[in-house]
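Engineer: Per the numbering used here, numbering through the sequence shown is continuous, rising by one, with the last residue being 237. Before I ask anything, here is the structure I am working with.
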Amino acid sequence: MSMLGGATVAAKTRHWLSINRAPVLTLWAAVVAERLGFDRDEALTLGRAVAGLNAYSKGKALGLFSPTPTKVKQERAKCKPKEAISVDLLHRAVPALHTEDGLRALSKNRPIDPTSVERYLAGKFGEALDDTRQAMRKLARSRSPSRLAAEAYELYEDFRPQIPSGTKGWGAKGRLSLDKIHEMSTDAGR
Numbered sequence: 048m049s050m051l052g053g054a055t056v057a058a059k060t061r062h063w064l065s066i067n068r069a070p071v072l073t074l075w076a077a078v079v080a081e082r083l084g085f086d087r088d089e090a091l092t093l094g095r096a097v098a099g100l101n102a103y104s105k106g107k108a109l110g111l112f113s114p115t116p117t118k119v120k121q122e123r124a125k126c127k128p129k130e131a132i133s134v135d136l137l138h139r140a141v142p143a144l145h146t147e148d149g150l151r152a153l154s155k156n157r158p159i160d161p162t163s164v165e166r167y168l169a170g171k172f173g174e175a176l177d178d179t180r181q182a183m184r185k186l187a188r189s190r191s192p193s194r195l196a197a198e199a200y201e202l203y204e205d206f207r208p209q210i211p212s213g214t215k216g217w218g219a220k221g222r223l224s225l226d227k228i229h230e231m232s233t234d235a236g237r
């Protein structure tokens with residue numbers, strides 16, 4: 048509620064937005080990572096990595112990407128396994144590295160910059176970012192950390208935007224219902 052010319056005006060409530068799945072998964076995975084105890088910057092990089100791993104898997108399944116033995120060898124040669132660790136988030140093994148600034152998920156063997164993830168989310172969600180983040184945080188807090196860790200991907204599957212199947216859905220926008228995310232929030236499991 049706010050005052051406008053002496054009158055009380057209810058704040059506009061956002062019920063849904065049109066967006067593709069990658070930024071939704073990025074934000075959700077970041078919110079889940081924070082609930083599991085990672086700091087905000089760590090969580091942002093982990094969220095971005097989860098979405099990237101998912102996009103690659105889907106692209107590969109659709110025949111859009113095909114790793115070759117040569118490419119795999121080249122990428123493996125760049126890795127320094129003694130420095131990297133694996134973080135399990137939304138049923139994905141996310142490669143990460145301890146840096147001076149904290150834990151950072153890796154993309155192409157380089158630490159992801161949390162500032163770039165925040166810019167990406169702001170660009171994709173626009174004015175809906177805060178409302179969406181609040182709805183997702185409410186959902187994440189409605190479950191204990193251990194229950195959330197086990198259910199996070201299935202929760203995402205329940206609220207993610209619906210898009211056409213196959214290559215028609217690649218990068219397509221769908222309707223993300225904030226009302227549905229709020230409805231999924233329960234007090235059970237705290």
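C-beta: ideal position from N, C-alpha, C; glycine also. Treat the numbers as computed from the prediction; the structure is a model and nothing was measured.
What does DSSP give as the partner residue(s) for Asp177 in the beta ladder?
Structural biologist: The residue you call residue 177 lines up with position 130 of the sequence shown. In the DSSP output, where bridge partners are listed per residue, Asp177 has none listed.
Engineer: Could you tell me whether the Cβ atoms of Lys153 and Ala131 are closer together than 8 Å?
Structural biologist: As a working note, residue 153 is residue 106 in the sequence shown. As a working note, residue 131 is residue 84 in the sequence shown. For the record, residue 153 in the displayed sequence is Leu; it is not Lys. At the C-beta level, Leu153 and Ala131 come within 8 Å of one another.
Engineer: Among the candidates Asn67, Asp135, Leu91, whose CA atom is the shortest distance from the CA of Tyr200?
Structural biologist: Taking the sequence shown and counting its residues from 1, one reaches residue 200 at position 153. Considering only alpha carbons, the answer is Asp135.
Engineer: Buried or exposed: where does Ala140 fall if 16 or more other Cβ atoms within 10 Å of its Cβ makes it buried?
Structural biologist: In the sequence shown, counting from the first residue as 1, residue 140 sits at position 93. Ala140 comes out exposed.
Engineer: Between Arg87 and the rest of its own chain, which residues show a CB-CB distance below 7 Å, the 5 nearest in sequence each way excluded?
Structural biologist: Numbered from its first residue, the sequence shown carries residue 87 at position 40. Excluding sequence neighbours, Arg87 sits near Glu81.
Engineer: At which residues does the beta strand (DSSP E) containing Lys220 begin and terminate?
Structural biologist: Reading the sequence shown from its first residue, position 173 is the one you call residue 220. Run containing Lys220: 220 to 224, per the beta strand (DSSP E) assignment.
Engineer: Among Lys185, Gly221, Arg188, whose alpha-carbon lies nearest the alpha-carbon of Pro70?
Structural biologist: Position 23 of the sequence shown holds residue 70. Cα-wise, what sits closest to Pro70 is Gly221.
Engineer: Looking at C-alpha atoms only, which residue of Glu165, Arg207, Ala143, Pro192 is the closest neighbour of Thr155?
Structural biologist: As a first step, residue 155 is located in the sequence shown; it is residue number 108 there, counting from the start. Note that residue 155 is Lys in the sequence shown, not Thr. For the residues Glu165, Arg207, Ala143, Pro192, the minimum Cα distance to Lys155 belongs to Ala143.
Engineer: For His138, which of helix, strand or coil comes out of DSSP?
Structural biologist: What you label residue 138 is simply residue 91 of the sequence shown in a count that begins at 1. His138: coil per DSSP, three-state reduction.
Engineer: Go ahead and label Thr233 buried or exposed: buried means 16 or more other beta carbons lie within 10 angstroms of its beta carbon, across all protein chains shown.
Structural biologist: For this step, residue 233 is matched to residue 186 along the sequence shown. Flag for Thr233 reads exposed.
Engineer: What does DSSP give as the partner residue(s) for Arg157 in the beta ladder?
Structural biologist: Position 110 of the sequence shown holds residue 157. In DSSP, Arg157 forms a bridge with Ser154.
Engineer: Of all the options Ile66, Asp177, Leu64, which has the alpha carbon lying nearest to the alpha carbon of Val78?
Structural biologist: Mapped onto the sequence shown, residue 78 falls at position 31. Looking at the Cα atoms, Asp177 is the closest of the given residues.
Engineer: According to DSSP, simplified to helix, strand and coil, what is Leu64?
Structural biologist: As a first step, residue 64 must be located in the sequence shown, where it is residue number 17. Residue state, collapsed to three classes: strand.
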